[in-house]
Structure formats: C-alpha cells, structure tokens
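Reviewing the structure listed below.
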Amino acid sequence: MARMGHDDMRAALIYQRATSDADERIADRLSELVDRHRNGT
C-alpha cells in the first residue's frame, strides 16, 4: 500500500475499485468508437 501512496487497506481498495471502473468505461468507449469507425458511421 505504501507504494501506491495509501496509508490503509480501505483507502487502497477504494482507489483500486475507482481505477478499475474508470478503466472499464474507457475500454467500453474505445470499443464503441472502433465499431462506429468499422461501420462507417
């Protein structure tokens, strides 16, 4: 946890979850853009 800059496990888990959710939203949006490009829209 110290390497991530968090003092306790709870803070590290909250940050990890938020990061994971953001990564998933980014991947979903990129997939949408690729699909639109492939379909010519």
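So in full-length UniProt numbering, spot 41 of the sequence shown is number 41, and the numbers just go up one at a time.
Glycine residues also receive a C-beta, built at the ideal position from the N, C-alpha and C atoms.
When you compare only the Cα positions, how much space is there between residue i and residue j?
i          : j          : result
residue 39 : residue 24 : 23 Å
residue 18 : residue 37 : 29 Å
residue 15 : residue 22 : 11 Å
residue 27 : residue 35 : 12 Å
residue 13 : residue 41 : 39 Å
residue 20 : residue 30 : 15 Å
Helix, strand or coil, according to DSSP, for residue i in the structure here?
i          : result
residue 35 : helix
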